[in-house]
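Novice:
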Amino acid sequence: MEAIAQQFLNLAIMERALPLLLMGLRQTAILCLVVIPLGLAGGLGVALLSRSPLRLVRWAAVVGIDFFRAIPPLVLLIFIYSGLPFAGIRPSPLTAVAIAFFLNTSSYYGEIYRAGIESVGQGQWDAARSTGLRAHQALAYVVLPQAVRNVLPDLVSNAVEVVKLTSIASVVALPELLYSADMARSVTFNNSPLVLAAALYLIILWPMVRLVSRLERRIAT
Amino acid sequence: MQGSPRFVDVFFNWVLIERYFPAIMKGVAVTIEIAAAVVVTGLALGLILAIVRAFRFLPVSALIVVFADAFRALPPLVLILLVYFGLPNLGVSLPSFAVLWLVLSLVLAAFSEEVFWAGLLSVPKGQWEAARSTGLGFLETLVYVVLPQALRLTVPPITNRTVVITKNTALGTVIGVGEILNQATTAQSFSGNATPLMMGAITYVILFIPVVVLGRFLETRFAWRRL
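Rendered as structure tokens:
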């Protein structure tokens, strides 16, 4: 028992690793602030494209969404980070992560927005247009607010997924929370930094997971 | 990019495609085996937990909620590293593919327990009461009356979540599981060429596009009735 505590809950090691982990946490936060807005914007873009009057555009948007939902994000990230240099493009870890996440997250958000927009009845569009609003105004003031409200749990739940997903940036040596923790682990030969990182993720994400459950229940009733 | 011949040479090099095709196929077998095992154990455990929760025995339900929340909140890669490096200290040593299977199964169990539970709650109380009044016991009511109605609703969200989690088999490369991504990166570093990475990416698309499309189909077919 003593030995297990030594290996997993070693307070002395946690204390030494904490500054490094907090720096990692800061990187994770920066990463989220970059990739979540990018994904939200890109997702709205593909959702609108998937409802374009042109069949070809619609088709291309749906194929794009399904393509990037089929590739594991880590595969995409490694392809961009270690594959693109062969084409003469050398992205920094942060750029590679931003591109990979943009492609992956936009597809997931796109699918959510699409379901949201479809959940708003055609009557809403027609009524908004008949009052003299232009298409983009009807979208921005009438349809989107209702669409977003209808799929709010999915939007928040996907944000949780994105925050969790930032941990794969450790694979391309971007010093975010998991990377810092794993570095501390390999230096100290002790698992406590990983446990500490898990605790930090839990502190941030547990309230969000609870929030998703509550939102889902509210919509369901 | 220095002209298209070089591009083809670096990303679609035929010699390398032939050379590394067997390795990628070996990766495909490993990916499919682990994914299938994860789907079976993850969904079974999730369903069992949701059923246990239906008995509403508070301490047990609370434990299930804590488990489901924690495994939904923690990044799978954190869990994989923790189990992989941690277990040997507990005197248990599992091969890396078993670590991947274990962690992803638990993550899928956590998510599917929540979905199954939401499905159980969505069945109106009258169904329970009517079934019990015909003389069916609690478990019989659950299995013959409530679950069949509840499961129908859970098909689309479970499918989509299962796809996301089986894609996470790619995380196994970090602990050296010889799945597709691992074979591709190994081949890439041996050959100094991006063709194996391209092969890996295309292989994933071929494997997962059908399930992604299936998920989309199920979503329209068994749509959750939203207000």
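Protein sequence lines correspond, in order, to chains A and B. With the numbering used here applied, the first sequence covers 1 to 221. With the numbering used here applied, the second sequence covers 1001 to 1227. We put the beta carbon where it would ideally sit given N, CA and C, even for glycine.
Beta-carbon within less than 8 Å of A:Val156's beta-carbon, same chain only, minus the 5 sequence neighbours each way: which residues are those?
Specialist: Once the five neighbours on either side are set aside, the close Cβ partners of A:Val156 are Met208, Leu211, Val212, Leu215.
Novice: Could you give the DSSP three-state label for B:Phe1071: helix, strand or coil?
Specialist: B:Phe1071 falls in the helix class under three-state DSSP.
Novice: Whole angstroms is fine: what's the gap from B:Thr1173's alpha carbon to B:Glu1179's?
Specialist: Taking the straight line joining both Cα atoms gives about 7 Å.
Novice: Please state the DSSP three-state secondary structure of B:Met1001.
Specialist: Its pLDDT being 48, under 50, B:Met1001 is placed unreliably in this model, and the value from its coordinates should be taken loosely. Here B:Met1001 sits in coil by DSSP.
Novice: Can you tell me which of A:His136, A:Phe79, A:Ala140 puts its alpha carbon nearest to the alpha carbon of B:Thr1185?
Specialist: Closest by alpha carbon: A:Phe79.
Novice: So that I know if they touch, is there some Cβ in chain B lying closer than 9 Å to that of A:Gly110?
Specialist: Judged by the 9 Å Cβ criterion, A:Gly110 is not in contact with chain B.
Novice: Cα-Cα, which of B:Gln1149, B:Arg1019, B:Val1092, B:Phe1208 is closest to B:Ser1191?
Specialist: Per the Cα distances, B:Arg1019.
Novice: When you compare the stretch 13-28 of chain A with the stretch 65-84 of chain A, are there three or more beta-carbon pairs, one atom per stretch, that lie closer than 8 Å?
Specialist: Too few Cβ pairs lie closer than 8 Å, so no.
Novice: Only counting the same chain, and skipping five residues up and downstream in sequence, which positions put a Cβ closer than 7 Å to that of B:Thr1166?
Specialist: Same-chain partners within the cutoff: Ala1035, Val1038, Val1039.
Novice: Looking at C-alpha atoms only, which residue of A:Gly116, A:Leu76, A:Gln124 is the closest neighbour of A:Phe102?
Specialist: Out of A:Gly116, A:Leu76, A:Gln124, A:Leu76 has the C-alpha closest to the C-alpha of A:Phe102.
Novice: For the structure I just gave you, are there three or more beta carbon pairs, one from the stretch 115-133 of chain A and one from the stretch 182-202 of chain A, closer than 8 Å?
Specialist: At 8 Å Cβ cutoff, the stretches do not touch.
Novice: Could you tell me whether the stretch 159-179 of chain A touches the stretch 33-49 of chain A, where touching means 3 or more Cβ pairs closer than 8 Å?
Specialist: The answer is yes - the stretch 33-49 of chain A touches the stretch 159-179 of chain A, with three or more Cβ pairs under 8 Å.
Novice: Under 7 Å Cβ-Cβ, which residues of chain A neighbour B:Gly1201?
Specialist: The sequence given here places Ala at residue 1201 of chain B; Gly does not occur at that position. Chain A residues near B:Ala1201: Ile71, Val75, Phe79.
Novice: Listing by chain order, which chain B residues have their CB less than 7 Å from the CB of A:Arg129?
Specialist: The premise fails here: A:Arg129 is roughly 24 Å from chain B at the closest Cβ pair, so nothing lies under 7 Å.
Novice: Can the beta-carbon of B:Tyr1204 be found closer than 9 Å to that of A:Pro72?
Specialist: Yes, the Cβ-Cβ distance between B:Tyr1204 and A:Pro72 is below 9 Å.
Novice: Is there a Cβ from chain A that is less than 9 Å from the Cβ of B:Met1025?
Specialist: No, because no Cβ of chain A sits closer than 9 Å to the Cβ of B:Met1025.
Novice: Taking B:Gly1046 and B:Ser1093 to be in contact with their CB atoms under 8 Å, please state how far apart those CB atoms are, rounded to whole angstroms.
Specialist: 27 Å between Cβ atoms; not a contact.
Novice: For the stretch 79-107 of chain A, which residues have a CB atom closer than 7 Å to at least one CB atom of chain B, in sequence order?
Specialist: For the stretch 79-107 of chain A, which is checked against every Cβ of chain B, the residues closer than 7 Å are Phe79, Ser82, Gly83, Phe86, Ala87, Gly88.
Novice: If you reduce the DSSP assignment to three classes, tell me which class B:Gly1200 lands in.
Specialist: Reduced to three states, the DSSP call for B:Gly1200 is helix.
Novice: Going along chain A in order, which residues have a C-beta closer than 8 Å to the C-beta of B:Phe1085?
Specialist: In chain order: Arg185, Asn191, Leu194.
Novice: If you follow the alpha helix (DSSP H) that A:Arg51 is in, where does it begin and where does it stop?
Specialist: Per DSSP, A:Arg51 belongs to no alpha helix (DSSP H) and is neither H nor E.
Novice: Report the neighbours of A:Trp206 on chain B: residues whose CB is nearer than 7 Å to its CB, in chain order.
Specialist: Correct list: Asp1069, Ala1073.
Novice: Take the Cβ of A:Trp59 as the centre, count every other Cβ of all protein chains shown within 10 Å, and call the residue buried at 16 or more, exposed below.
Specialist: Exposed, by the Cβ-count rule.
Novice: Drop a sphere of 10 angstroms on the beta-carbon of A:Tyr179, count the other beta-carbons inside from all chains shown, and report buried for 16 or more, exposed for fewer.
Specialist: Counting Cβ neighbours within 10 Å, A:Tyr179 comes out buried, since at least 16 surround it.
Novice: DSSP three-state call for B:Met1025: helix, strand or coil?
Specialist: Helix.
Novice: On the premise that B:Leu1074 lies in contact with B:Ile1064, defined as a C-beta separation below 8 Å, what is that separation, rounded to the nearest angstrom?
Specialist: So it is not a contact: roughly 16 Å between Cβ atoms.
Novice: Counting only C-beta atoms, is A:Ile36 closer than 9 Å to chain B at any point?
Specialist: Cβ-Cβ to chain B under 9 Å: no for A:Ile36.
Novice: Can you tell which of B:Leu1100, B:Asp1069, B:Arg1072 has its C-alpha closest to the C-alpha of B:Leu1082?
Specialist: Ranking B:Leu1100, B:Asp1069, B:Arg1072 by Cα distance to B:Leu1082 puts B:Leu1100 first.
Novice: Using three-state DSSP, classify A:Leu94 as helix, strand or coil.
Specialist: A:Leu94 falls in the helix class under three-state DSSP.
Novice: Within this structure, are the beta carbons of A:Leu18 and A:Leu196 separated by less than 9 Å?
Specialist: Yes. Within cutoff.
Novice: Taking C-beta to C-beta, are B:Val1155 and B:Gln1127 nearer than 9 Å?
Specialist: No.
Novice: Would you mind stating whether B:Val1028 and A:Ala70 have Cβ atoms separated by less than 9 Å?
Specialist: No, these two residues do not count as a Cβ contact at 9 Å.
Novice: Does B:Tyr1204 come within less than 9 Å of chain A when only Cβ atoms are used?
Specialist: It does; some Cβ of chain A falls within 9 Å.
Novice: Three Cβ pairs or more, each shorter than 8 Å: is that satisfied between the stretch 41-49 of chain A and the stretch 107-117 of chain A?
Specialist: Cβ pair count under 8 Å is three or more, so yes.
Novice: Check each residue of the stretch 45-73 of chain A: if its Cβ is closer than 7 Å to any Cβ of chain B, include it; give the result in chain order.
Specialist: Within the stretch 45-73 of chain A, the residues whose Cβ lies closer than 7 Å to some Cβ of chain B are Asp66, Phe67, Arg69, Ala70, Ile71, Pro72, listed in chain order.
Novice: The alpha helix (DSSP H) with B:Gly1086 in it runs from where to where?
Specialist: Here the alpha helix (DSSP H) through B:Gly1086 covers 1076-1086.
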